[in-house]
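Q: Numbering (my numbering), first residue to last: 200 to 452. All C-beta atoms, glycine included, are put in the ideal place defined by N, C-alpha and C. Below is one structure. I have some questions about it.
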């Protein structure tokens with residue numbers, strides 16, 4: 200019989216940095232995070248080409264598929280770049296939209312929180328625009344961006360410019376030697392870094408969690424296993440969801 204006064208802690212591998220408050224929250228849920236970041240993000244320092252792109256685009260719409268893209272956009276604003284009046288913006292999910300709201304801009308968000316879902320919202324929004332052929336979608340993105348947004352918009356005959364504002368480097372991860380109860384992934388690129396670091400090779404049996412459908416698809420392909428998808432694309436929701444699944448399975452074991 201288990202000691203009711205002792206809380207079982209599940210060890211989880213988290214493939215991104217967590218804040219102190221997020222670590223405390225994880226522990227309050229019965230999770231002990233082992234943090235091993237899969238990626239290193241570095242932001243652009245020279246903004247001249249971005250400023251030129253903005254000046255040369257007469258009818259821009261701004262698209263953001265990550266919070267990193269918004270962070271880079273914030274840095275662009277900090278150096279005094281002037282945007283068109285009342286710019287129209289689109290965000291891939293609520294967390295990205297919230298980050299954009301913090302720097303003073305509202306954005307449209309798709310129900311399907313991925314690049315394709317975002318592209319569908321843009322196409323629907325602009326389908327009756329009188330000058331739709333003159334509109335250019337400026338995608339603030341990283342160097343390892345996925346192609347779904349561009350492909351969908353170009354198929355719908357929109358012009359897209361990728362504005363590369365940050366770089367993603369895949370880390371050589373130090374994977375834990377002891378067993379863990381779950382692995383948490385926050386991007387498809389993070390799954391690639393894990394694979395490159397020797398993950399998925401030893402037939403390890405653990406629970407796999409993804410922050411969204413795109414990450415889950417990559418994780419499922421690499422692992423061949425079931426992947427739990429967080430109900431919302433936020434770290435806190437993902438931690439709570441992970442704890443819920445692990446505790447449920449413990450109760451039924």
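Spatial neighbours of residue 200 within its chain, please: C-beta separation below 7 angstroms, excluding the five flanking residues on both sides.
A: The predicted position of residue 200 is uncertain, since its pLDDT is 37 and thus under 50; a value taken from the coordinates is nonetheless stated next. So no residue of the chain qualifies.
Q: From which residue to which residue does the beta strand (DSSP E) around residue 209 run?
A: 209-213
Q: Reducing DSSP to helix, strand and coil, say where residue 446 ends up.
A: Residue state, collapsed to three classes: helix.
Q: Any chance the stretch 383-399 sits against the stretch 266-276, with 3 or more Cβ pairs inside 8 angstroms?
A: By the Cβ criterion, the stretch 383-399 is not in contact with the stretch 266-276, since fewer than three pairs of Cβ atoms, one from each stretch, lie closer than 8 angstroms.
Q: Assess, as a yes-or-no matter, whether the stretch 390-401 is touched by the stretch 419-426 under the definition of 3 or more beta carbon pairs within less than 8 angstroms.
A: yes
Q: Are the stretch 329-349 and the stretch 257-267 in contact at 8 angstroms, needing three or more beta carbon pairs?
A: yes
Q: Determine the direct distance from the alpha carbon of residue 359 to that of residue 353, and round the result to whole angstroms.
A: 7 angstroms
Q: Taking three-plus beta-carbon pairs below 8 angstroms as touching, is the stretch 437-449 in contact with the stretch 213-232?
A: yes
Q: Just how far apart, CA to CA, sit residue 355 and residue 365?
A: 27 angstroms
Q: Start and end of the alpha helix (DSSP H) containing residue 323?
A: 314-325
Q: Does the count of Cβ pairs from the stretch 280-287 and the stretch 309-317 closer than 8 angstroms reach three?
A: no
Q: Please classify residue 244 as buried or exposed, where buried requires at least 16 other C-beta atoms within 10 Å of its C-beta.
A: exposed
Q: Assign residue 232 to buried or exposed, taking buried as 16 or more other Cβ atoms, counted over all protein chains shown, within 10 Å of its Cβ.
A: buried
Q: Count the other C-beta atoms from every protein chain shown that fall within 10 angstroms of the C-beta of residue 430, then say buried if there are 16 or more, exposed otherwise.
A: exposed
Q: Specify, as a first and last residue, the run of the alpha helix (DSSP H) that residue 419 falls within.
A: 412-422
Q: Quick one: grab the DSSP three-state call for residue 270.
A: Here residue 270 sits in helix by DSSP.
Q: Around the Cβ of residue 292, are there at least 16 other Cβ atoms within 10 angstroms (buried) or fewer (exposed)?
A: Classification for residue 292: buried.
Q: If you scan the stretch 288-316 from start to end, which runs of the alpha helix (DSSP H) of 4 or more residues do you find wholly inside it?
A: Runs of the alpha helix (DSSP H) inside the stretch 288-316: 293-301.
Q: Quickly, what does DSSP pair residue 241 with across the bridge? List them, please.
A: 366
Q: By how many angstroms is the C-alpha of residue 389 removed from the C-alpha of residue 335?
A: 30 angstroms
Q: Just how far apart, CA to CA, sit residue 447 and residue 310?
A: 28 angstroms
Q: Would you call the stretch 234-252 in contact with the stretch 319-333, where contact means no fewer than 3 C-beta pairs closer than 8 angstroms?
A: They do not touch, by the three-pair rule.
Q: If you follow the beta strand (DSSP E) that residue 341 is part of, which residue opens it and which one closes it?
A: 335-341
Q: Are the beta-carbon atoms of residue 340 and residue 268 separated by less than 7 angstroms?
A: Yes; because the gap between Cβ atoms is below 7 angstroms, this pair is in contact.
Q: Express the C-alpha separation of residue 211 and residue 338 in angstroms, rounding to a whole number.
A: 34 angstroms
Q: Considering only residues of the same chain and omitting the five flanking positions on each side of residue 375, which have a CB-CB separation below 7 angstroms?
A: The beta carbon of residue 375 lies closer than 7 angstroms to those of 212, 233 in the same chain, with the five residues before and after it left out.
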